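Enquirer: In the working numbering, the protein residues as written are -2 to 231.
Ideal placement from N, C-alpha and C gives every residue a C-beta, glycine not left out.
Given the structure is predicted, the values throughout are model-derived calculations rather than measurements.
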Amino acid sequence: MRIEQQPAYVLHARPYRETSLLLECLSRDHGRLGVVARGVRRARARTSRAQLEPFRPLLLDLLLKGELATLAAAEDAGLPARLHGDAGLAGLYLNELVVRFTSRQDPHPALFDAYARTLARLAADEAPGWPLRRFERDLLEAVGYGLQLDAEAGSGLPLAADGWYVYQVEHGPVRCPPGRAHALRGADLLAFAQDRRPAPEADLALRAMMREAIRHHLGGEPRTWQMLAAMARR
-2 MRIEQQPAYV
8 LHARPYRETS
18 LLLECLSRDH
28 GRLGVVARGV
38 RRARARTSRA
48 QLEPFRPLLL
58 DLLLKGELAT
68 LAAAEDAGLP
78 ARLHGDAGLA
88 GLYLNELVVR
98 FTSRQDPHPA
108 LFDAYARTLA
118 RLAADEAPGW
128 PLRRFERDLL
138 EAVGYGLQLD
148 AEAGSGLPLA
158 ADGWYVYQVE
168 HGPVRCPPGR
178 AHALRGADLL
188 AFAQDRRPAP
198 EADLALRAMM
208 REAIRHHLGG
218 EPRTWQMLAA
228 MARR
């Protein structure tokens, strides 16, 4: 199948044979794709290796046959997201989540849009915490693990803005005393559901909630968490 002018980002690249690269790409209409970029490590390649770096919006022409696609052409679709320092680590985390939560050739247009928005936020020098929480939420929603953020577990009653809840991954928000570890106010969960930033004092509990959800669905921890933990300590 011939695919032309497909919006995509490179998530990961590794050497393949003597002069080529094997890419993992996130495309808008075809999901995650394994792509063989032949000859791009040659000195005079038509498509340069630098053009296939992560965080760069691309339009790809591909020939998809079986498990892998072959790169026919690549052109820039905008300016690359310049991610430095902590933002760069956050970008690597996004890429790992996409690779581990998706299967090849399983389209998730909403995830592609969320990924592009998050790169723009990180490149705009936003502190990484809130953009990462939004992306984690949107990723889980896109792949079928959406969080219940507006109703109590079991009863289905609307969350009380002044109530306190602990989030149980298999059930949802459960009422708890305000002093409970990682407890969140109903107002903060509702704000998160509506894409409004919760109160700053909720940041740590929100991070713990999302980490538990990701750990549960992955069956383990992303490798980039150790780097992000070091970032948080700084």
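With three or more beta-carbon pairs closer than 8 Å as the criterion, would you say the stretch 62 to 74 touches the stretch 133 to 140?
Expert: By the Cβ criterion, the stretch 62 to 74 is not in contact with the stretch 133 to 140, since fewer than three pairs of Cβ atoms, one from each stretch, lie closer than 8 Å.
Enquirer: For a minimum of 4 consecutive residues, which ranges assigned as the alpha helix (DSSP H) are wholly contained in the stretch 101 to 138?
Expert: 106 to 120
Enquirer: From phenylalanine 189 to arginine 35, what distance separates their C-alpha atoms?
Expert: Approximately 44 Å between the Cα atoms of the pair.
Enquirer: May I ask you to list the residues that DSSP assigns as paired with tyrosine 13?
Expert: For tyrosine 13, which the question treats as bridged, DSSP gives the partners Ser17.
Enquirer: Check this for me: beta carbons of leucine 10 and leucine 18, under 7 Å apart or not?
Expert: As written in the sequence, residue 10 is alanine, which differs from the leucine given in the question. The answer is yes: Cβ separation under 7 Å.
Enquirer: Near valine 163, which residues of its chain fall below 7 Å by C-beta distance, leaving aside the five closest residues on each side in sequence?
Expert: Cβ neighbours of valine 163 within its own chain (closer than 7 Å, five residues either side excluded): Val171, Cys173, Arg177, His179 and Ala180.
Enquirer: Note down the Cα distance separating leucine 108 from alanine 139, rounded to an integer number of angstroms.
Expert: The alpha-carbon atoms of leucine 108 and alanine 139 are separated by roughly 6 Å.
Enquirer: Consult DSSP for alanine 265 and reduce its assignment to one of helix, strand or coil.
Expert: Because the chain spans -2 through 231 in this model, residue 265 falls outside it and cannot be assessed.
Enquirer: Would you mind reading off the limits of the alpha helix (DSSP H) that contains leucine 186?
Expert: 183 to 190
Enquirer: So arginine 212 packs on alanine 199, CB below 8 Å; how close in whole Å?
Expert: That pair is no contact at about 20 Å.
Enquirer: Counting only the same chain and skipping the five closest in sequence on each side, list residues whose C-beta sits under 7 Å from that of leucine 60.
Expert: Arg(-1), Ala66, Thr67 and Ala69
Enquirer: Which one of Arg46, Arg194 and Tyr112 has the shortest CA to CA distance from leucine 91?
Expert: Tyr112
Enquirer: Could you tell me the boundaries of the beta strand (DSSP E) in which glycine 28 lies?
Expert: Membership of glycine 28 in the beta strand (DSSP E) is indicated by the continuous run 28 to 34.
Enquirer: With a Cβ-Cβ cutoff of 7 Å, do methionine 224 and leucine 86 count as a contact?
Expert: Going by beta carbons, methionine 224 and leucine 86 fall inside the 7 Å limit.
Enquirer: Name the DSSP beta bridge partners of glutamine 145, please?
Expert: According to DSSP, which records beta bridges pairwise, glutamine 145 is partnered with nothing at all.
Enquirer: Do leucine 55 and alanine 74 come within 7 Å of each other at the CB atom, strictly closer than that value?
Expert: yes
Enquirer: Quick one: using the 10 Å Cβ neighbour count with 16 as the cut-off for buried, is arginine 118 buried or exposed?
Expert: With 16 or more other Cβ atoms within 10 Å, it is buried.
Enquirer: What number of angstroms, rounded off, separates the C-alpha of leucine 146 from the C-alpha of arginine 41?
Expert: Near 53 Å, if we compare the C-alpha coordinates of arginine 41 and leucine 146.
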